[in-house]
Amino acid sequence: MQLETGRSKQGVLGAFQTIIKEEGFGRLYRGLVPPLLMEAPKRATKFAANDFWGKQFLAFSGQKKMNQSLAVATGCAAGATESFVVVPFELVKIKLQDKA
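When the count follows this note's numbering, it moves up by one through the sequence shown with no breaks and lands on 126 for the last residue.
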């Protein structure tokens, strides 16, 4: 629908009604499984990276306990690590979706 030009006159509810009527209720969830399956490895990567970077930053700083600035740095590093790991797969997914 993002590639369509012009203005739709039926709105969101009308679009849902049309899809359900013409294609069935299950069609609303078409394509939901791959993103759901990708979510678990993404979160696992982020949690593992958070644990790894937390230990690294604690050792580097000499602190015995995590403080707010270390927690922020750990979260940023974990998010960057997750992005570094996940983006290539997301790029492949988007290119495949574009061909469909």
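The beta carbon of each residue, even a glycine, is placed where N, CA and C say it ideally should be.
Take Thr100, set aside five residues on each side of it, and the residues of its chain with a beta-carbon closer than 8 Å to its own are Asn76, Trp79, Gly80, Phe83, Met92, in chain order. Secondary structure of Arg69 (DSSP, three-state): helix. Taking the CA atoms as reference points, Ser109 sits about 13 Å from Ala70. When DSSP states are grouped into helix, strand and coil, Arg56 belongs to the coil group.
Per DSSP, reduced to three states, the secondary structure at Gly80 is helical. For Gln94, the uninterrupted alpha helix (DSSP H) run begins and ends at 94–125, by DSSP. Counting of Cβ neighbours within 10 angstroms places Ala104 among the buried residues, the total reaching 16 or more. A direct Cα-to-Cα measurement between Ser87 and Ala66 gives close to 31 Å.
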